[in-house]
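Notes for the one structure printed next.
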Amino acid sequence: MNNTLFIDADVILDLLCKREPFYVFAAEVFTLGDKGKLHLATTSLVYANVFYILRKVLGIEKAKELLRKLRLIVHVIPIDEKMVDLALNSSFSDFEDGLQYFTARENDIGIILTRNIKDYKEKELLIQTPEEFLKTLPIKNKA
Numbered sequence: 001m002n003n004t005l006f007i008d009a010d011v012i013l014d015l016l017c018k019r020e021p022f023y024v025f026a027a028e029v030f031t032l033g034d035k036g037k038l039h040l041a042t043t044s045l046v047y048a049n050v051f052y053i054l055r056k057v058l059g060i061e062k063a064k065e066l067l068r069k070l071r072l073i074v075h076v077i078p079i080d081e082k083m084v085d086l087a088l089n090s091s092f093s094d095f096e097d098g099l100q101y102f103t104a105r106e107n108d109i110g111i112i113l114t115r116n117i118k119d120y121k122e123k124e125l126l127i128q129t130p131e132e133f134l135k136t137l138p139i140k141n142k143a
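This is the structure:
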């Protein structure tokens with residue numbers, strides 16, 4: 001597995017909407033990504049879902065502005081038919097979580113950062129909250 005983290009929509013929304021008490025942990029993860037200490041990735045589906053929520057809260061232009069800035073540090077990885085088939089034939093009750101899990105796995109990403117840990121039943125990848133992940137880092141690697 002490589003040193004890239006898959007970032008779920010809830011973590012991105014914690015950052016962009018400054019949702020407490022989760023904002024501080026999300027901000028630290030994204031700061032580490034911005035400094036090049038972490039590689040961050042997500043899917044176009046996550047970007048679409050985040051945009052949908054942000055536009056309702058902040059308006060279309062502000063939502064686009066925030067996502068353009070996010071794109072500078074968060075790489076977009078593709079979802080293809082293999083990931084769709086894996087998710088459809090898996091034990092995931094939430095199809096989107098299955099898509100994310102198998103997309104991360106197929107892209108050799110070993111960690112998914114989410115606050116929705118309970119829905120990830122598969123155990124091949126490490127599923128953590130940003131807070132849990134940050135506790136595993138040596139102090140010198142923190143933001």
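Read in full-length UniProt numbering, the sequence shown has 79 at position 79, and its numbers run on one by one without any break. Ideal Cβ positions, reconstructed from N, Cα and C, are used throughout, including at glycine. Keep in mind the model is a prediction, meaning the values are calculated, not measured.
Whole angstroms are fine: how far does the CA of residue j sit from the CA of residue i?
i	j	result
V84	V29	28 Å
I117	Y23	17 Å
N49	T43	10 Å
L16	P130	15 Å
A27	K37	14 Å
S93	I7	20 Å
N107	S91	20 Å
K82	R105	12 Å
L99	I77	12 Å
Name, in chain order, the residues that DSSP records as bridge partners for residue i.
i	result
T4	H39
V50	Answer by DSSP bridge pairing: none, since V50 is not bridged.
D76	Checking the sequence shown, residue 76 turns out to be Val, not Asp. Looking at the DSSP assignment, V76 forms a beta bridge with T42.
Reducing DSSP to helix, strand and coil, say where residue i ends up.
i	result
L126	strand
I60	helix
I12	helix
L113	strand
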